[in-house]
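Residue numbers (the working numbering): 1 to 345. We put the beta carbon where it would ideally sit given N, CA and C, even for glycine. Below is one structure; the comments refer to it alone.
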């Protein structure tokens with residue numbers, strides 16, 4: 001598909017307004033946080049506002065206010081449920097842009113990121129756009145997360161979703177997708193008015209690796225807009241690129257298995273509230289086509305540890321899903337009421 005250059009003068013003038021959100025929770029990521037905000041400030045296309053939401057950390061809140069406040073950044077405390085979903089919902093309530101953009105606190109946007117992310121909204125059917133996330137390794141790609149093209153810093157791997165990055169099997173050109181990836185995503189502000197915010201019973205709290213809140217929201221939005229007789233489109237735009245830092249603790253076997261288990265639990269929660277068909281549509285193709293090719297490649301290249309990592313991660317994720325489907329396992333999950341941003345309605 002041939003797309004207009006989002007940096008052209010006419011394209012930039014036609015872009016919707018955007019509020020960029022960075023949710024933060026720990027001073028241990030201070031230099032990452034600064035890099036994230038500075039990468040937004042360096043964009044050729046400027047947002048109407050950048051919002052930094054501090055998740056229940058008074059010391060970090062004070063530090064962020066002192067650093068970013070004088071630069072025009074809106075710094076606020078998460079007054080909702082502790083965790084990433086509550087912090088995002090806090091930002092959504094404040095955002096004035098036509099599009100709300102989310103950038104992780106340990107991700108840095110590459111040049112042209114925001115323009116590329118906003119350009120597809122020229123199509124009125126587009127309700128969400130996400131970009132690509134390249135892993136920024138602490139010391140090269142580990143064997144626990146094998147890559148399809150060794151030596152290529154931007155190459156994907158079958159298990160890169162474990163570290164919040166674009167993985168093998170996802171599109172390489174602009175294409176429709178089921179859901180957005182949380183570290184680099186955007187949604188029209190009207191989506192939150194139509195279906196409510198992120199489910200605050202889902203998502204990360206500190207280092208807790210549970211997730212899928214953005215998956216659930218995207219599916220909920222698609223179902224609601226379809227019921228309205230509309231044709232909602234959620235797009236992947238690879239030119240909207242970020243570098244996502246991978247910390248030392250996330251390249252270990254322990255984290256791989258812990259994250260896989262949590263993903264299974266989270267997917268089970270999503271399937272209970274939006275239906276199994278929608279919640280596992282992407283995973284079915286990934287499991288049947290992408291993973292076997294990865295195992296064969298690593299075995300052929302005599303990388304038994306890498307082949308074992310793919311098999312082990314799949315196994316523990318499947319086990320987590322089965323556990324999460326048991327009666328009562330995810331009974332705590334509540335969805336926001338349509339038309340308002342209320343997680344407990």
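Going by the DSSP bridge assignment, what does residue i pair with across the sheet?
{"i": "residue 134", "result": "243"}
{"i": "residue 170", "result": "168"}
{"i": "residue 128", "result": "187 and 234"}
{"i": "residue 19", "result": "49 and 100"}
{"i": "residue 306", "result": "Its beta-bridge partners do not exist; DSSP assigns none."}
{"i": "residue 107", "result": "244"}
{"i": "residue 176", "result": "235"}
{"i": "residue 119", "result": "Residue 119 is not bridged to any residue."}
{"i": "residue 322", "result": "Paired residue(s): none; residue 322 is not in a bridge."}
{"i": "residue 24", "result": "54"}
{"i": "residue 74", "result": "51"}
Alpha carbon to alpha carbon, what distance is there between residue j and residue i?
{"i": "residue 50", "j": "residue 191", "result": "19 angstroms"}
{"i": "residue 3", "j": "residue 117", "result": "Its pLDDT being 49, under 50, residue 3 is placed unreliably by the model, and the measurement read from it follows with that caveat. Those two C-alpha atoms are separated by around 12 angstroms."}
{"i": "residue 104", "j": "residue 327", "result": "33 angstroms"}
{"i": "residue 27", "j": "residue 60", "result": "6 angstroms"}
{"i": "residue 243", "j": "residue 109", "result": "6 angstroms"}
{"i": "residue 38", "j": "residue 62", "result": "18 angstroms"}
{"i": "residue 69", "j": "residue 24", "result": "15 angstroms"}
{"i": "residue 19", "j": "residue 134", "result": "23 angstroms"}
{"i": "residue 17", "j": "residue 269", "result": "34 angstroms"}
{"i": "residue 343", "j": "residue 193", "result": "Its pLDDT being 43, under 50, residue 343 is placed unreliably by the model, and the measurement read from it follows with that caveat. Rounded to whole angstroms, residue 343 to residue 193 spans 13 angstroms at the Cα level."}
{"i": "residue 113", "j": "residue 35", "result": "14 angstroms"}
{"i": "residue 254", "j": "residue 14", "result": "47 angstroms"}
{"i": "residue 143", "j": "residue 165", "result": "16 angstroms"}
{"i": "residue 345", "j": "residue 21", "result": "Its pLDDT being 38, under 50, residue 345 is placed unreliably by the model, and the measurement read from it follows with that caveat. If I take the Cα positions, the gap works out to 24 angstroms."}
{"i": "residue 1", "j": "residue 173", "result": "Confidence is the limiting factor: at residue 1 the pLDDT is only 38, short of 50, which leaves the residue's position unreliable and the question unanswerable from this model."}
{"i": "residue 42", "j": "residue 88", "result": "23 angstroms"}
{"i": "residue 349", "j": "residue 95", "result": "Since the first residue of the chain shown is 1 and the last is 345, residue 349 is not available in this structure."}
{"i": "residue 310", "j": "residue 123", "result": "38 angstroms"}
{"i": "residue 299", "j": "residue 71", "result": "52 angstroms"}
{"i": "residue 111", "j": "residue 260", "result": "32 angstroms"}
{"i": "residue 138", "j": "residue 245", "result": "8 angstroms"}
{"i": "residue 297", "j": "residue 315", "result": "19 angstroms"}
{"i": "residue 161", "j": "residue 155", "result": "13 angstroms"}
{"i": "residue 149", "j": "residue 90", "result": "40 angstroms"}
{"i": "residue 31", "j": "residue 40", "result": "14 angstroms"}
{"i": "residue 302", "j": "residue 249", "result": "26 angstroms"}
{"i": "residue 179", "j": "residue 198", "result": "13 angstroms"}
{"i": "residue 33", "j": "residue 147", "result": "27 angstroms"}
{"i": "residue 258", "j": "residue 83", "result": "19 angstroms"}
{"i": "residue 119", "j": "residue 67", "result": "31 angstroms"}
Could you work out which residue in the options is closest to residue i when comparing CA atoms only?
{"i": "residue 121", "options": "27, 232 and 146", "result": "232"}
{"i": "residue 218", "options": "237, 243, 242 and 188", "result": "188"}
{"i": "residue 152", "options": "56, 141 and 247", "result": "141"}
{"i": "residue 81", "options": "54, 222, 70 and 260", "result": "54"}
{"i": "residue 175", "options": "226, 129 and 307", "result": "129"}
{"i": "residue 163", "options": "214, 256, 56 and 221", "result": "256"}
{"i": "residue 271", "options": "40, 324 and 69", "result": "324"}
{"i": "residue 65", "options": "75, 58, 56 and 131", "result": "75"}
{"i": "residue 44", "options": "125, 96, 166 and 240", "result": "240"}
{"i": "residue 58", "options": "31, 77 and 154", "result": "77"}
{"i": "residue 85", "options": "214, 318 and 46", "result": "214"}
{"i": "residue 79", "options": "143, 94, 46 and 56", "result": "56"}
{"i": "residue 125", "options": "144, 229 and 52", "result": "229"}
{"i": "residue 283", "options": "111, 119 and 317", "result": "317"}
{"i": "residue 167", "options": "131, 200 and 139", "result": "131"}
{"i": "residue 196", "options": "179, 216 and 106", "result": "216"}
{"i": "residue 97", "options": "249, 47 and 71", "result": "47"}
{"i": "residue 247", "options": "67, 136 and 33", "result": "136"}
{"i": "residue 29", "options": "107, 302 and 160", "result": "107"}
{"i": "residue 322", "options": "32, 262, 31 and 198", "result": "262"}
{"i": "residue 293", "options": "33, 119, 178 and 169", "result": "169"}
{"i": "residue 238", "options": "249, 184 and 258", "result": "184"}
Could you check how far apart the C-beta atoms of residue i and residue j are, in whole angstroms? I think they sit under 8 angstroms.
{"i": "residue 267", "j": "residue 212", "result": "6 angstroms"}
{"i": "residue 186", "j": "residue 73", "result": "In fact, because the Cβ distance is near 18 angstroms, the residues do not count as touching under 8 angstroms."}
{"i": "residue 171", "j": "residue 236", "result": "5 angstroms"}
{"i": "residue 127", "j": "residue 234", "result": "6 angstroms"}
{"i": "residue 320", "j": "residue 264", "result": "2 angstroms"}
{"i": "residue 145", "j": "residue 251", "result": "7 angstroms"}
{"i": "residue 158", "j": "residue 291", "result": "6 angstroms"}
{"i": "residue 295", "j": "residue 305", "result": "With 8 angstroms as the limit, residue 295 and residue 305 do not qualify as a contact, their Cβ atoms being about 12 angstroms apart."}
Handout entry: Inter-stretch contact at 8 angstroms, needing at least 3 Cβ pairs: the stretch 222-232 / the stretch 281-297
Key = Three or more beta-carbon pairs separated by less than 8 angstroms are not found between the stretch 222-232 and the stretch 281-297, which leaves the two stretches without contact.
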